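> Numbers in the working numbering are just positions in the sequence shown, counted from 1, shifted up by 20. One structure coming up, written as C-alpha cells, with questions to follow.
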Amino acid sequence: MTDRPDPRAVVPRSGYRGRFAPSPTGPLHAGSLLSALGSWLLARSAGGEWLVRIEDVDRTREVAGAAAAQLSALSAFGLRPDAPVVYQSHREPLYQQALEKLLDAGAAFECHCSRSQLAAVGGIHRRCVARSDRRDPATRFRVADDSAISFTDRIRGHVQQDVQREVGDFVIRRSDGCWAYQLAVVVDDAAQGITDVVRGADLIGSTARQILLQRALGLPTPRYAHLPLLLDAAGRKLSKSERAHPLDPSDPVPALRSAWRMLGQDVACLLDAADVETLLEQAVANFEPGRIPVKPARSEPAATSHKR
Numbered sequence: 021m022t023d024r025p026d027p028r029a030v031v032p033r034s035g036y037r038g039r040f041a042p043s044p045t046g047p048l049h050a051g052s053l054l055s056a057l058g059s060w061l062l063a064r065s066a067g068g069e070w071l072v073r074i075e076d077v078d079r080t081r082e083v084a085g086a087a088a089a090q091l092s093a094l095s096a097f098g099l100r101p102d103a104p105v106v107y108q109s110h111r112e113p114l115y116q117q118a119l120e121k122l123l124d125a126g127a128a129f130e131c132h133c134s135r136s137q138l139a140a141v142g143g144i145h146r147r148c149v150a151r152s153d154r155r156d157p158a159t160r161f162r163v164a165d166d167s168a169i170s171f172t173d174r175i176r177g178h179v180q181q182d183v184q185r186e187v188g189d190f191v192i193r194r195s196d197g198c199w200a201y202q203l204a205v206v207v208d209d210a211a212q213g214i215t216d217v218v219r220g221a222d223l224i225g226s227t228a229r230q231i232l233l234q235r236a237l238g239l240p241t242p243r244y245a246h247l248p249l250l251l252d253a254a255g256r257k258l259s260k261s262e263r264a265h266p267l268d269p270s271d272p273v274p275a276l277r278s279a280w281r282m283l284g285q286d287v288a289c290l291l292d293a294a295d296v297e298t299l300l301e302q303a304v305a306n307f308e309p310g311r312i313p314v315k316p317a318r319s320e321p322a323a324t325s326h327k328r
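Structure (C-alpha cells):
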C-alpha cells in the first residue's frame, strides 16, 4: 500500500484521528470492509485523519502474506491511510516499557495459574490458585475490587461492565511470550494519538479493560464507537463462517455499496457511482452517522468473491 496521503482527506484537519486495525489472519472479507468503511467514513465526516495498523502481535495466528494482501485490498477499495502503516510486531519496546511501569506500580503481577486450574474456580482470576510455578508465567493486570467501568459508545449509548466480577485479573502478556491484545492496543492507540476507536461490536467487551489500562498507564481514553457485526444466515459472525469469502478487489463497487447499506445509509445516494473514487466522494457527502444501526447486519453473497 502506498504511503501517499489520501486526497479525500479534509484540510485543515480537525482534532479527530481514527484507525482501522486488522489482524493478518486471512484475507479481508465483507465484515472487514464494513469496519474499514465505517471507521473511514466517521473520520472523513469529522474532517479527521484515518490510519491503518496491522495487529500482528499474535504470532501463533498470523497467516503468511495476509498483511500484504489486506493492504492491497484496502487500496483497491480506495481506503488509503493518511500516514505510513504501523505494524505491532515492530513495537515490542513500547509494550515492554508499559509492562514494566505496571509491574513497578504493583498494577501487574506474574501468574502461574493454568486455564484448567482457573476453570475449577469459575474461570475468573481473583487470586492465584497454582500449586507450583511454571517456567514461563503469564503476566496479569491486577483488577481492583471496585472496577465497574462505564463509557458512552457513540452508536450504543451507555455501556457499563464490572470488570472485577465479569472478567477478573486479565492477561497482558501471555505465557508463550506474546503480548496480549489488551495491552498492545492501548499502547498503540496512545502512541498514534487516536482520538476515536471505531471497530466491530464483538470488541465492545474489551473496552472496559482497556480503559483500566489507560488509567493505570496515565494515557488518554479515546471515544468509542462499535459498529454492527456482519452475520451469516445462521447468525454466526462472518469471520467465523464458511461464508467469509475473500473480497474481490477487481470489482470493488458492489462490495462498497453493500457495506454502505449495512451501515444503515441511503442506498439511493450511491446508485449512479460507477467507480470507487466517485462512490467514496458521494459516500462522504451523504454519510449520516446517526443512521448506523445497533443490530447486526446479514451478509450478502454478491458482496464477496467465491473464487478459490
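Glycine included, each C-beta is placed from N, C-alpha and C at the ideal position. Please read all numbers here as calculations on a predicted model, not as lab measurements.
Can you name the start and end residues of the beta strand (DSSP E) that residue 158 belongs to?
Here the beta strand (DSSP E) through residue 158 covers 158 to 161.
> Counting along the chain, where does the alpha helix (DSSP H) carrying residue 90 start and finish?
Counting along the chain, the alpha helix (DSSP H) containing residue 90 begins and ends at 86 to 96.
> When you compare only the Cα positions, how much space is there between residue 43 and residue 90?
Cα to Cα, residue 43 sits roughly 9 Å from residue 90.
> Who does residue 219 pair with in a DSSP beta bridge?
Bridge partners of residue 219: 246.
> Less than 7 Å separating the Cβ of residue 316 from some heavy atom of the ligand MN?
Absence of the ligand MN from the depicted structure is noted, as is the absence of any ligand whatsoever, leaving it without description.
> Once DSSP output is grouped into helix, strand and coil, what is the label at residue 311?
Helix at residue 311.
> For the 8 Å Cβ check, are there 3 or more pairs between the region 301 to 318 and the region 93 to 111?
No, because fewer than three Cβ pairs between the region 301 to 318 and the region 93 to 111 fall closer than 8 Å, the two stretches do not touch.
> Can you give me the start and stop residues for the alpha helix (DSSP H) that residue 58 sits inside?
Residue 58 -> alpha helix (DSSP H) spans 50 to 65.
> Please tell me whether residue 59 and residue 38 are closer than 8 Å, where the distance is taken between their beta carbons.
Yes; because the gap between Cβ atoms is below 8 Å, this pair is in contact.
> Given residue 290, which residues of its chain have a CB within under 7 Å of its CB, disregarding the five upstream and five downstream residues?
Within the same chain, residue 290 has close Cβ partners 277, 280, 299, 302 and 303.
> Classify residue 267 as helix, strand or coil using the three-state DSSP reduction.
Three-state DSSP puts residue 267 in coil, outside helix and strand.
> Return the CA-CA distance between residue 270 and residue 128, expressed in angstroms with no decimal places.
For residue 270 and residue 128, the distance between alpha carbons rounds to 48 Å.
> Between which two residues does the alpha helix (DSSP H) carrying residue 208 extend?
Looking at the DSSP string, the run of the alpha helix (DSSP H) that includes residue 208 is 201 to 211.
> Check the DSSP bridge columns for residue 172 and list the partner residues they point to.
Per DSSP, 178.
> Can you confirm whether the region 148 to 159 touches the region 177 to 194 when touching is taken to mean that 3 or more C-beta pairs between the two stretches lie within less than 8 Å?
Contact between the region 177 to 194 and the region 148 to 159 is present, because at least three Cβ pairs lie under 8 Å.
> Hey, how far is the Cα of residue 246 from the Cα of residue 153?
Going by the C-alpha atoms only, they are around 39 Å apart.
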